[in-house]
Amino acid sequence: MSLLSMFSYHFMQRALLVGVLVSLCAALLGVSLVLKRYSMIGDGLSHVGFGALAIASALRLAPLAVTVPVVAAAAVLLLRVRGSGRVKGDAAIAIISSSALAIGVIVVSLTRGMSTEVTSYLFGSILSLSRGDTVLSVILSLAVIALFVLLYPRLFAVTFDETFARATGARAELYNTLLAVLTAVTVVLGMRMMGALLISSLIIFPAISAMRLCRSFRGVILCAAAISVICFLFGMTGSYVFETPSGASIVAAELIAFGFCSLFGRKG
Amino acid sequence: MALLTCENASFSYDGVTVLEDVSFSLKAGDYLCVVGENGSGKSTLIKGLLSLKAPSKGKIVLGDGLKRTEIGYLPQQTEIQRDFPASVREVVLSGCLNSMGGKLFYGEEEKRRARENLERMGIEDLKDRSYQELSGGQQQRVLLARALCATRKLLLLDEPVTGLDPVAAGEMYNLIKLVNLCDDIAVVMVTHDIHEAVRYATHILHLGHKQLFFGTSAEYRHSALARRFLGGGAG
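Written as C-alpha cells, this is what we have:
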C-alpha cells in the first residue's frame, strides 16, 4: 500500500482539506483559550455538539446547519454563566456538557439504527463529511482564520490583560463572545473528524506544546499552528497506514509532539 | 478646570455600600496617593475612576479634554499572569490600542510611541525579551511603559511596588515621580506604604469605607490621622 494512494480517495482529499483548515483554527484559538483559562470550554462545547448532532440526525436535519448555531449559543451561555459568578464556571461547564451528552444518548437510544453513527460522533470518522459539509467547513474555517488575523492586536490585549484592555476602551466582552463563537464553530467542524470526546485536544495540545518552545505571543501562535497542522497530517497518515481511527491517531501524534516539546523546549 | 473630579461618589456591590461619599479633585501635574487598610475601598475607587464600575451615588467627572479611555492604568500584579508568553514589545504596544481608532494593525505612530516609552523606562534593551523571564521590577517597568502608551495626562497605579525588593521599589518610585514632574502627567497611586506616599505625593486621600482625609501631603502629615498611621517619629 503506497502512501500516495491515500490522496486518490475523494473522502481522503476532503478530510485532508477540512482537517488542515480546522487544525489551523483550533491552534490559533487554542492559544488564547488556554491562556485565558478557558480550555474546558472547548471540551464542554464538544459535548453540546454531540447532543445537537444526535438530535439533528434523529430529525433528519442538515447536521452542520443545526449544530453550529446550537453550540455557538451554548458558548455564549457558558461565558455568561462564568461571568455572573452564581454558579462556579467549571461546575457550570460540567453541568451543561454532561446534560447535553445525556440528551444526545437518550435521543440516540430512542432512534432506531443509529448505533453505528454514535461511535462516529464520539470518536470521529473521516467518512462523515459530505460534499456540502466540506464546502461549509472550508468557508467557516477560512472566516475564523481571517477574523483572528484581522483582530490579532485586540485579541492579544484582551488575552493578556482584560482589565487594562477594558479600561482603555477595548470591547472585551465583544471579543470574548467572538472568541467563544469562533471556538464553537471550530469545535463543530472538527468534531466530525475527531469525535466529540477528542476534539478538545486539537485546541489544547498545540497551544501548550508551543508554549514550551516559544516565548513571544506571536511565536507561540505561529508555532502552535505549525505543530497542529503537522500533527494532523502525521495522525491522518498513521490512521491510513495502520487503519486506526483518525481522531485517536491525531491525538496520539499531538501527544508525541508535546513529549518532544517538553524534552527539548526551555523550562517553563 | 480639574483633570478629574469625584463628587460625593459612593460605590456598592449588590446593594452593600463599600465606599461612601468620596469627594476630591485632581489637577494636571498632581500626584495623589490613595491610602487605607485592606478592604477600605481603594481598589473599588480605582475601578470607578476607570469607568469599570459606575458609582451608586454621586459622579466622577473628567475635564481638560481627558477621555475615559485615555487613562494609563497599571493593575495590581496579581491580575496579570506572570508566566504569559509575550515579548516586551508586544506588551508595550498593546497600550497603544486606544488611539488606533478603526485601524486593524499597529502603524508607525504606535511603534514610535512604544519605542519612546521603552526608552523612557530605560528598558529598550529588553524589547525582544520575553515578559515571563523578567524580574518583578522589570515587569513593572514594562507595564508602566504600556500605561504611558495609553495616556498623555493621567496614570492610575494600583500598588505598583508591592512584591518588589527595596531597590526595585525605590527605582519604581523615582521613575513615577520623574514622569509626573517632567511630563506633567498626573498620578493617582494606591499604596500601602504611607511613609513613601507622604514623601512623593502632593496630595493624600485616606479611605476607610468613606473618605477619612483629603488634602495636601503637608496637611496630612500634621493631621491626627497621619500621626496614628505614620507612628511617632514621622513629620
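As given, the protein sequences belong to chains D and C, one line each in that order.
To convert, take the position in the first sequence, counting from 1, and add 58; that gives the working numbering.
To convert, take the position in the second sequence, counting from 1, and add 678; that gives the working numbering.
Using N, Cα and C, we set each Cβ at its ideal position, and we do this for glycine too.
Rounded distance between the beta-carbons of residue j and residue i, thought under 8 Å
i	j	result
Gly107(D)	Leu180(D)	That pair is no contact at about 11 Å.
Ile882(C)	Val713(C)	6 Å
Asn852(C)	Tyr709(C)	Going by Cβ atoms, the distance from Asn852(C) to Tyr709(C) rounds to 13 Å, so no, they are not a contact pair.
Ala310(D)	Gly293(D)	7 Å
Thr869(C)	Thr880(C)	At roughly 14 Å, the Cβ-Cβ gap does not stay under 8 Å, so Thr869(C) and Thr880(C) are not in contact.
Phe907(C)	Phe702(C)	That belief does not hold up - the Cβ atoms of Phe907(C) and Phe702(C) are roughly 18 Å apart, past 8 Å.
Leu61(D)	Thr295(D)	7 Å
Val126(D)	Ala114(D)	The Cβ separation is near 10 Å, so there is no contact.
Leu832(C)	Gly750(C)	7 Å
Leu885(C)	Leu681(C)	Not confirmed; about 20 Å, so no contact.
Cys931(C)	Arg791(C)	Because chain C spans 679 through 913 in this model, residue 931(C) falls outside it and cannot be assessed.
With 16 other Cβ atoms within 10 Å as the buried cut-off, status of residue i
i	result
Tyr691(C)	exposed
His105(D)	buried
Ile308(D)	buried
Gln71(D)	exposed
Asp30(D)	This structure cannot settle anything about residue 30(D), because the visible part of chain D is limited to 59 through 326.
Gly182(D)	buried
Cys83(D)	buried
Glu768(C)	buried
Leu208(D)	exposed
Gly911(C)	The predicted position of Gly911(C) is uncertain, since its pLDDT is 47 and thus under 50; a value taken from the coordinates is nonetheless stated next. So Gly911(C) counts as exposed.
Ala896(C)	exposed
Ser813(C)	exposed
Cys774(C)	buried
Glu788(C)	buried
Lys745(C)	exposed
Val299(D)	exposed
C-beta atoms of residue i and residue j nearer than 8 Å
i	j	result
Ile184(D)	Phe65(D)	no
Thr683(C)	Val739(C)	yes
Val76(D)	Leu247(D)	yes
Val216(D)	Tyr233(D)	yes
Ala864(C)	Gly707(C)	yes
Leu200(D)	Leu79(D)	yes
Leu728(C)	Leu834(C)	yes
Leu752(C)	Pro838(C)	yes
Thr226(D)	Thr695(C)	no
Lys855(C)	Glu698(C)	no
Met778(C)	Gly815(C)	no
Lys737(C)	Glu685(C)	yes
Phe206(D)	Leu103(D)	no
Leu136(D)	Ile161(D)	no
Phe218(D)	Ala825(C)	no
Met251(D)	Ser304(D)	yes
Ala73(D)	Leu187(D)	yes
Arg270(D)	Ser320(D)	yes
Leu280(D)	Ser81(D)	no
Thr840(C)	Gln755(C)	yes
Arg899(C)	Val866(C)	no
Of the residues the options, the one placed nearest residue i, counting alpha carbons only
i	options	result
Asp761(C)	Glu715(C), Gln810(C), Glu788(C)	Gln810(C)
Arg798(C)	Tyr784(C), Ser813(C), Arg819(C), Val839(C)	Arg819(C)
Lys705(C)	Met679(C), Phe689(C), Lys725(C), Glu698(C)	Met679(C)
Val239(D)	Val129(D), Asp148(D), Phe322(D), Glu301(D)	Val129(D)
Ala223(D)	Gly841(C), Phe892(C), Ser772(C)	Ser772(C)
Val163(D)	Val243(D), Thr221(D), Gly109(D), Ala131(D)	Gly109(D)
Ile257(D)	Thr241(D), Cys272(D), Leu271(D)	Thr241(D)
Ile337(D)	Ser297(D), Leu159(D), Lys146(D), Leu122(D)	What is shown of chain D runs 59 to 326, which leaves residue 337(D) out entirely.
Ser808(C)	Gly277(D), Val165(D), Val176(D)	Gly277(D)
Lys735(C)	Val770(C), Cys774(C), Tyr878(C), Ala687(C)	Ala687(C)
Ala112(D)	Val166(D), Phe214(D), Arg212(D)	Val166(D)
Ala132(D)	Ala158(D), Phe322(D), Arg118(D), Leu255(D)	Ala158(D)
Gln759(C)	Thr221(D), Leu237(D), Ile203(D), Ala284(D)	Thr221(D)
Lys731(C)	Asn795(C), Phe689(C), His900(C)	Phe689(C)
Val89(D)	Tyr210(D), Ala120(D), Val299(D), Arg229(D)	Tyr210(D)
Leu168(D)	Leu117(D), Ala152(D), Ala150(D)	Leu117(D)
Arg189(D)	Ser97(D), Ala120(D), Ser297(D), Phe275(D)	Ala120(D)
Glu794(C)	Leu842(C), Gly743(C), Gln817(C), Asp861(C)	Asp861(C)
Cys711(C)	Tyr878(C), Tyr784(C), Arg791(C)	Tyr878(C)
Phe214(D)	Gly800(C), Val770(C), Arg905(C)	Val770(C)
Thr235(D)	Asp148(D), Ser63(D), Arg138(D)	Arg138(D)
Thr177(D)	Arg212(D), Ala306(D), Phe318(D), Val202(D)	Ala306(D)
Would the stretch 717-725 of chain C count as touching the stretch 840-855 of chain C if we require 3 or more Cβ pairs under 8 Å? no
Looking at C-beta atoms only, is the number of pairs between the stretch 274-290 of chain D and the stretch 302-317 of chain D that lie closer than 8 Å three or more? Taking 8 Å as the limit for Cβ pairs, the verdict is that the stretch 302-317 of chain D does touch the stretch 274-290 of chain D.
Is there contact here, the stretch 249-267 of chain D with the stretch 81-99 of chain D, by at least three beta-carbon pairs under 8 Å? yes
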